[in-house]
Every structure is written in C-alpha cells, then in structure tokens.
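Notes to accompany the following structure.
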C-alpha cells in the first residue's frame, strides 16, 4: 500500500483529535503544522512543524518539496488568511483540500447576542453598551479596542498580547476549558456589563455564553469570516478522517 502524506494545518483541538485518529491508519502519514503564535502549544501526535510557510508561494513550494498528497485545514475559524493561502496553494499544485471547522455557536433562549461583522464594529458597539467589558477575542487583535479610553476591560488570553491595549484593563492569562460556575464568578467579581467574543464555536470556552445568559449580560458576537468559494467543509474530526481514508490511492 502506498503511503499518503497528509498535511494538517492545526493548532486547534479538532486538529489534535484528527491527528490522533489518523495516527494508526495504515497507509497514512500525518504532518501537523502549527503557526507558532502560542508560547507553549499543545502538540498533536505524529510529526509536527512550527512556523509559517511564507504565503501562498512558500506553502506551494513546501507542498511539492514534501510530497504532500492532501491538506486538511483545521485552523481556527478566524484564521482567514491561512485558509485562503492553503486553498490557493492546493489548487496550484493540484492537491485536494478539506476544511475542518467546528460548528459555530447558536443563540439559545435568553441570550442577548449582538452580531457584529468585524472587531472594529464590535468596538464601536461595545462603548454604547457598558463601561466594564469582558474581552475574550484572543491576544492578537486587542488593539481594536485600544481607543476606548472610558471603558474598563478584563482581557483574557493564553499569552500576553503584544499589541496596544486599552488604557484601562486587567490582563487575565487562562487556558480553557472553563466551567459555567467559574465564568459566572469571574463576571460577578469584576462587575462585567458586556461580553465581547468571536463566534469560534467549540466547548472549551462555551461556558462564558451560558454565564452571560444566566446574568443577562449582552454578548457582542463577532461573526466568522467567509470561507473561499467551493471549498469542501466538515465539522468533525471523524468526518475529516473519513475524507482522508476515502482519498484515491
């Protein structure tokens, strides 16, 4: 049986689960690629590379040099540039590509969600909703809120942000999963009036939404960027593994 080399663009829980599931599959060899933006990433099973590729051209060359037979893009739902690069590079070298994206969160009865198309829009809306804000958007784009001088922020991230921060803030370094009780206590302790988050989906940080619902706190929800046209998408590692196993020899 000829071995097929699969590149998993990862960093997410779904990518790690997929790598583990494929690790024992005969005829499949997995290489997981992490962007390297988290200081101490959780590593998947199998071969791992860390760092960027250098855009579409760099990824296209890497795919050819490393004899990759297929790509599963299991990056974060907001890693839009990586996905666009992967789709373009895959097309350039005629390699099949699948996007693995966890399903987005859906509002439930009692939720007070305010959907926003961008972080800039979210920042503008946040200032009108309250002056004590729980900001849970990761560390790389916190500067979208740096101009809100009259608002206090509780900023949660895995690693410290390296961009401009709002002048009034407290930085909380935590990694999920979180419980609903933990999130309720956190929001009550800091007298949070508004929650700002991205619709990343998944269970690791979903508890904050239940806590906001319990406390009747409005949620400014930044919507996901659109995927490239025509790309095939699945929502579970199991479905992605089935796709890999069905690839022609």
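Numbering (our numbering), first residue to last: 406 to 654. Think of the CB as a built atom: it goes at the ideal place given N, C-alpha and C, for glycine as much as any other residue. All values derive from a computational prediction rather than experimental measurement.
Counted within 10 angstroms of its Cβ, other Cβ atoms place residue i as buried (16 or more) or exposed
i: residue 448; result: exposed
i: residue 554; result: exposed
i: residue 568; result: exposed
i: residue 469; result: exposed
i: residue 643; result: exposed
i: residue 533; result: exposed
Beta-carbon gap between residue i and residue j smaller than 8 Å
i: residue 556; j: residue 573; result: yes
i: residue 418; j: residue 614; result: no
i: residue 428; j: residue 453; result: no
i: residue 500; j: residue 473; result: yes
i: residue 420; j: residue 479; result: yes
i: residue 488; j: residue 653; result: no
i: residue 650; j: residue 430; result: yes
i: residue 435; j: residue 451; result: yes
i: residue 440; j: residue 460; result: no
Beta-carbon proximity list for residue i, same chain, < 6 Å, skipping 5 on both sides
i: residue 575; result: 559
i: residue 617; result: 600, 624
i: residue 581; result: 609, 610
i: residue 516; result: 618
i: residue 495; result: 476, 502
i: residue 636; result: 492, 504
i: residue 603; result: 483, 542, 627
i: residue 467; result: 458
i: residue 535; result: 598, 599
Neighbourhood of residue i by C-beta, 8 Å cutoff - its chain only, sequence neighbours within 5 removed
i: residue 531; result: 538, 550, 553, 556, 599, 601, 625
i: residue 593; result: 620
i: residue 523; result: 627
i: residue 589; result: 616, 619, 620
i: residue 407; result: 432, 654
i: residue 525; result: 549
Nonlocal neighbours in the same chain, by C-beta distance under 7 Å from residue i, ignoring five residues either side
i: residue 606; result: 482, 507, 508, 509, 510
i: residue 562; result: 543, 544, 578
i: residue 527; result: 521, 601, 625, 627
i: residue 485; result: 630
i: residue 639; result: 503, 505, 645, 648
i: residue 596; result: 537
i: residue 464; result: 458, 490, 491, 494
i: residue 571; result: 550, 551, 553, 556, 558
Sheet register partners of residue i (DSSP bridge)
i: residue 637; result: 503
i: residue 567; result: Looking at the DSSP assignment, residue 567 forms no beta bridge with any residue, so it has no partner.
i: residue 557; result: 537
i: residue 519; result: 625
i: residue 632; result: Looking at the DSSP assignment, residue 632 forms no beta bridge with any residue, so it has no partner.
i: residue 542; result: Answer is none; residue 542 lacks a bridge partner.
i: residue 414; result: 438, 478
Ranges of the beta strand (DSSP E) found wholly within the segment 425–498, counting only runs of at least 3 | Taking only runs of at least 3 residues, the beta strand (DSSP E) segments lying wholly in the segment 425–498 are 433–439, 452–455, 475–478.
Write down every uninterrupted run of the alpha helix (DSSP H) in the segment 569–610 whose length is 4 residues or greater and which is fully enclosed by it, in chain order.
-> 585–594
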